[in-house]
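Residue numbers (this note's numbering), protein chains in the order written: chain A, 38 to 125; chain B, 2 to 203.
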């Protein structure tokens, strides 16, 4: 069995982040609100960065495509965060 | 005449540029861009409508199974990992393992489609349809549109499996496999935001 490389570790990190998100969503002690939205969306964006840079292999691609996809990820995450944290 | 010969020398010896390469076909990247923008609008519509109809969305989201959404996330990221492994194996000249990793990706994708179908059937049996209210309309549009993309991704895996197994792709000829992989990673990337938006944040 060959030693695990970067894409294997990233898979484990993605699973760990998913488990954390699931726990935060299910745990009765965690109250919904802006701090929860911030943590959950930061985890989602973090997962997205790994997918864009390592699985889509944009880390070593022309900067335009890397900026377009990471820019989309940041902008969409911010829109969702602002809308979720919007005062009642 | 020293300056011209120097500049000629500089021209004949260009500075080494780090290799920058966009994997797969350019067309798939244009498609990825169009899909990300379309889903971006749908995500924003869901989040903004939720601000305006908090009680309705809270009631609607309470009927969704967060655990099923989390299992679907695991299936999608695992399929992404498998197809990334398949590309690496084929680039290393290992067609057999490459094809087996692709089957793993197909299994993950099909698992996602089955689980999502069960979710839709469950909702249908409860008598809920698209026209019920704005929550279910956006829920079905977002997840249904994503479901169709995942189904296309599975078809791509199935189509690529045969040639991969026969050794049609190799270290210098991995274009089609890379293109299919990029499409699936897009499906995965979209779900990374869809899952917290629809299933977790209430």
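By construction, the Cβ of each residue, glycine as well, lies at the ideal position given by its N, Cα and C atoms. As the structure is a prediction and not an experimental result, all values here were calculated from the model.
> By a C-beta neighbour count over all protein chains shown, 10 Å radius and 16 as the cutoff for buried, is residue 84(A) buried or exposed?
Replying inline: By 1-based counting over the first chain, the position of residue 84(A) is 47. By the 10 Å Cβ count, residue 84(A) comes out buried.
> Which same chain residues, not among the five before or five after residue 91(B), have their C-beta less than 7 Å away from its C-beta?
Replying inline: Residue numbering aside, residue 91(B) sits at position 90 when the second chain is read from its first letter. If we look at residue 91(B) and ignore the five residues flanking it on each side, its Cβ neighbours are 99, 165, 170, 171, 175 and 178.
> What is the residue span of the alpha helix (DSSP H) that residue 49(A) lies within?
Replying inline: As a first step, residue 49(A) is located in the first chain; it is residue number 12 there, counting from the start. 43-63 is the span of the alpha helix (DSSP H), which, as asked, contains residue 49(A).
> chain A beta carbons: is any one of them nearer than 8 Å to that of residue 22(B)?
Replying inline: Stepping through the second chain from its first residue, residue 22(B) is reached at position 21. Closer than 8 Å: yes.
> Are there 16 or more other CB atoms within 10 angstroms of the CB of residue 29(B), so buried, or fewer, so exposed?
Replying inline: Stepping through the second chain from its first residue, residue 29(B) is reached at position 28. Burial call: buried.
>> By the three-class DSSP mapping on this structure, what secondary structure does residue 105(A) have?
In response: Here residue 105(A) is taken as the residue at index 68 of the first chain, counted from 1. Here residue 105(A) sits in helix by DSSP.
> In chain A, which residues lie less than 9 Å from residue 41(B) when you measure between Cβ atoms?
Replying inline: In the second chain, residue 41(B) corresponds to position 40, counting from 1. Correct list: 109, 112, 113 and 116.
> Unbroken alpha helix (DSSP H) runs of length 4 or more, entirely within the region 70-131 of chain B: which are they?
Replying inline: 96-126
> residue 158(B): which of 120(B), 102(B), 146(B) and 123(B) sits nearest, CA to CA?
Replying inline: As a working mapping, residue 158(B) is identified with position 157 in the second chain. When each option's Cα is compared against that of residue 158(B), the closest is 102(B).
> DSSP on residue 181(B), reduced to helix/strand/coil?
Replying inline: Looking up residue 181(B) in the second chain gives position 180. Helix at residue 181(B).
>> Using a Cβ-Cβ cutoff of less than 6 Å, which residues in the same chain neighbour residue 106(B) once the five nearest sequence positions on both sides are dropped?
In response: On the second chain, residue 106(B) is found 105 positions in, with the first residue counted as 1. Here the set comprises 80, 83, 84 and 158.
> Between residue 71(A) and the rest of its own chain, which residues show a CB-CB distance below 6 Å, the 5 nearest in sequence each way excluded?
Replying inline: Numbered from 1 along the first chain, position 34 holds the residue referred to as residue 71(A). The residues are 122.
>> Helix, strand or coil, according to DSSP, for residue 70(A) in the structure here?
In response: Numbered from 1 along the first chain, position 33 holds the residue referred to as residue 70(A). Here residue 70(A) sits in coil by DSSP.
>> Rounded to whole angstroms, what is the Cα-Cα separation between residue 88(A) and residue 189(B)?
In response: In the first chain, the residue the question calls residue 88(A) occupies position 51. In the second chain, the residue the question calls residue 189(B) occupies position 188. If I take the Cα positions, the gap works out to 8 Å.
> In this structure, does DSSP put residue 163(B) in helix, strand or coil?
Replying inline: Translated into the one-based positions of the second chain, residue 163(B) becomes position 162. Three-state result, residue 163(B): helix.
> For residue 105(A), which of 38(B), 49(B), 60(B) and 71(B) has the nearest alpha-carbon?
Replying inline: Mapped onto the first chain, residue 105(A) falls at position 68. It is 38(B).
> Which residues in the same chain have their Cβ closer than 7 Å to the Cβ of residue 51(A), if we skip the five residues on either side of it in sequence?
Replying inline: Translated into the one-based positions of the first chain, residue 51(A) becomes position 14. Excluding positions up to five away in sequence, the list reads 84 and 87.
> Interface residues of chain B around residue 78(A) at Cβ under 7 Å?
Replying inline: To locate residue 78(A), count along the first chain from 1; it is residue 41. The contacting residues are 197.
> If you check the beta carbons only, do residue 199(B) and residue 144(B) fall under 8 Å apart?
Replying inline: Indexing the second chain from 1 puts residue 199(B) at position 198. Indexing the second chain from 1 puts residue 144(B) at position 143. Yes, the Cβ-Cβ distance between residue 199(B) and residue 144(B) is below 8 Å.
> If you measure from the beta carbon of residue 41(A) to each beta carbon in chain B, is any gap under 8 Å?
Replying inline: Taking the first chain and counting its residues from 1, the one referred to as residue 41(A) is at position 4. For residue 41(A), the answer is no, since every Cβ of chain B falls outside 8 Å of its Cβ.
> How about residue 150(B): is its C-beta nearer than 8 Å to some C-beta of chain A?
Replying inline: The sequence position of residue 150(B) within the second chain is 149, counting from 1. Taking Cβ atoms only, chain A never reaches closer than 8 Å to residue 150(B), which makes this a no.
> Beta-carbon separation of residue 55(A) and residue 78(B) under 8 Å?
Replying inline: Start at 1 with the first residue of the first chain, and residue 55(A) comes out as number 18. Start at 1 with the first residue of the second chain, and residue 78(B) comes out as number 77. Taking 8 Å as the Cβ cut-off, residue 55(A) and residue 78(B) qualify as a contacting pair.
>> Considering only heavy atoms of the ligand ZN, does any lie closer than 7 Å to the CB of residue 179(B)?
In response: This structure does not include the ligand ZN; it has no bound ligands of any sort.
> Considering residue 95(A), what are the terminal residues of the alpha helix (DSSP H) in which it resides?
Replying inline: The sequence position of residue 95(A) within the first chain is 58, counting from 1. No alpha helix (DSSP H) contains residue 95(A), which DSSP labels as neither H nor E.
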